[in-house]
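Visitor: After the structure tokens below, expect a handful of questions from me.
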Amino acid sequence: MIASSFLMDGILFSLVPATLYLVEPLSGHATAILAADSISFVAGALVLGRLGDRMGRRSTLVTSLLIYTAGAAAFAAAFQLGRLDLAVAIATTSLVNFGVGGETGPAYAALAEYAPARRRGWVMVLAPNFWNVGAALIAALSLRYAELTGDPRAATTYTFATAVVLALLLLIIRYHIPESPRWLLARGRAREAEEVSRRYGVRVPAGNPAGAGGGLGRYAWRLLLLTASFTIQLLAYNVASYYLPYAPGFAYGYAAALNVAVSNVGASVGAFLLLPLIDRSRRSSFLLSMAGGLATALVLMAAHGGPLAIYMVALFANMIFVEWTWAVVSALESELFPTARRSTAVGLVTALSWLVNTAAIVWGGEAGAWSLLWLLAALWGSGVAIAALWRALGIESSGRELEELGREGSSPRSLPARRPPFLRNLCRNRRKAPASSALAHPRSRFYIFESKLQ
């Protein structure tokens, strides 16, 4: 049932781009509308991500659905009544994107909390992939409606009406989703958690699901790493799929539509190829996804200017690793924070990454093809460095319970067993140092460095 959230998110997020070209008075203001929508997406991720930890996963998912359904219905009504000016279009589509952005935190949190530890990665790979399905579905329906009716006005109305009907059906389904027992326990509602467990067969975890407690400051290392990784994934996807086909000097500008189609097919296929590995090792999956992205980005650069078929094969392969990166980061951000802060953390990572991506749109529209190709390689190179750092110093979360991962905060013992020699020496020196020693001081740079690794 949670997977249907991502299907609907893909539909609603792609609804405006899929129909904007059909609305003649608004097509010239596409940049302003999409920029406002992107900012609203960021705001929704922050606000509803926080509410997901305060109100619960189920309540926030219902709230987000009501918000974006109201926005889509208002857009369709204003369009049908002939009152869809620029201000109304921005207001209604921003409402849609506020709701879609707001679903990321509670949806990812709910998925992680319901999934069994040994299959959590598998679930986190497949469920978000329904976003791609939803985006493709609404784009295909929009084109089909335009072909059948021959009237852009009717096609737009039918497309939005379809989205509203699907959202209402999802509302009925979502209303019957049980609340996460982990969240209930974290809020001290043990009796309700036991009732959910008994009625739906959901396991009630042992221990304190709130994890280590406190704010997100003690998880700053994880937040920084995941935000950087998600930003790399977003930019790499957009550069290869959408910026390059329209950049000056791109060798295949005549095949822009094919470029977009191949990109999305590759991304859709990529999720399934990761399934055999994701639950064996998150750290290895993370490093492999970034290394594969770098290798295929270099092939993409070498293929540019040659036969179109070779370039498209390289693009297809690159998108497989783009999807792998999204899947691994989605799994990590959903399991590396305590239950009481999980939805907030996912919303924060999403918002910060999307904010950087939005700012990059301005530069991306002016850059030439080779500048973008070099940027693509640099992004993946940075990703390899981040993944290698996590491979060496990060924790292995595959197959482990969320409560165990959440409790691993700033304690030196939470570091991996195979620490580099210089870190082992620092830990040994800090434990032996007298109270007056700089190494023992709570604000020592060594203490801060070690405490934030996990």
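Residues 567 to 1020 in the numbering used here are what the sequence shown lists, from first letter to last.
C-beta: ideal position from N, C-alpha, C; glycine also.
With the cut-off set at 8 Å, would you say M690 and S847 are in Cβ contact?
Guide: no
Visitor: From L578 to P694, what distance separates their C-alpha atoms?
Guide: 14 Å
Visitor: Express the C-alpha separation of G781 and R908 in angstroms, rounding to a whole number.
Guide: 11 Å
Visitor: Check whether the Cβ atoms of S834 and N923 sit closer than 8 Å, and answer yes or no.
Guide: no
Visitor: For V912, which residues in the same chain have their Cβ closer than 7 Å to its Cβ, ignoring the five residues on either side in sequence?
Guide: G615, T670, G671, Y674, A675, E899, S900
Visitor: DSSP three-state call for L581: helix, strand or coil?
Guide: In the structure shown, L581 sits in a helix (DSSP, three-state: H, G or I).
Visitor: Drop a sphere of 10 angstroms on the beta-carbon of A917, count the other beta-carbons inside from all chains shown, and report buried for 16 or more, exposed for fewer.
Guide: buried
Visitor: Would G638 pass as a contact of F726 if the rule is Cβ separation under 8 Å?
Guide: According to the sequence as given, residue 638 is Ala; it is not Gly. In contact: A638 and F726 (Cβ atoms closer than 8 Å).
Visitor: Around the Cβ of R748, are there at least 16 other Cβ atoms within 10 angstroms (buried) or fewer (exposed)?
Guide: buried
Visitor: By Cβ distance, which residues of its chain are closer than 6 Å to G668, with the 5 residues on each side in sequence left out?
Guide: G610, L614, S630
Visitor: Kindly provide the ranges of any alpha helix (DSSP H) runs that are 4 or more residues long and lie completely inside the segment 833 to 894, ordered along the chain.
Guide: 848 to 869
Visitor: Should the segment 877 to 885 be called in touch with the segment 953 to 970, which here means at least 3 C-beta pairs below 8 Å?
Guide: no
Visitor: How is the alpha helix (DSSP H) around M690 delimited, first residue to last?
Guide: 686 to 692
Visitor: Following the continuous alpha helix (DSSP H) through T722, name the residue where it begins and the one where it ends.
Guide: 718 to 741
Visitor: For the segment 592 to 641, list the alpha helix (DSSP H) runs that are entirely contained and at least 4 residues long, ordered along the chain.
Guide: Listed in chain order, the complete alpha helix (DSSP H) runs (minimum 4 residues) inside the segment 592 to 641 are 596 to 620.
Visitor: Can you find the residues in the same chain that come closer than 8 Å, C-beta to C-beta, to P730, ignoring five residues on each side of it along the sequence?
Guide: The amino acid occupying residue 730 in the given sequence is Val; Pro does not appear at that position. Around V730: T635, A638, A639, A642.
Visitor: Going by beta carbon distance, what residues of the same chain come within less than 6 Å of W936, once the five residues before and after it are set aside?
Guide: Cβ neighbours of W936 beyond the five flanking positions: none.
Visitor: Does the Cβ-Cβ distance between L801 and L945 come in under 8 Å?
Guide: yes
Visitor: Output the boundary residues of the alpha helix (DSSP H) element that contains Y523.
Guide: Since the first residue of the chain shown is 567 and the last is 1020, residue 523 is not available in this structure.
Visitor: Going along the chain, which residues of its own chain have a beta-carbon closer than 8 Å to the beta-carbon of D651, five neighbours each way excluded?
Guide: Excluding positions up to five away in sequence, the list reads P591.
Visitor: Kindly indicate the opening and closing residues of the alpha helix (DSSP H) around R748.
Guide: 747 to 752
Visitor: If you draw a straight line from the C-alpha of L841 to the C-alpha of A653, how long is it?
Guide: Going from the Cα of L841 to the Cα of A653 covers about 45 Å.
Visitor: With H, G and I counted as helix, E and B as strand and the rest as coil, what does DSSP make of Y818?
Guide: coil
Visitor: Taking only three categories from DSSP, how would you classify A911?
Guide: helix
Visitor: Considering only residues of the same chain and omitting the five flanking positions on each side of N663, which have a CB-CB separation below 6 Å?
Guide: Around N663, the same chain offers D603, S606, F607 as residues with beta carbons nearer than 6 Å, after the five sequence neighbours per side are excluded.
Visitor: Could you tell me the distance, in whole angstroms, from the CA atom of A720 to the CA atom of Y808?
Guide: 28 Å
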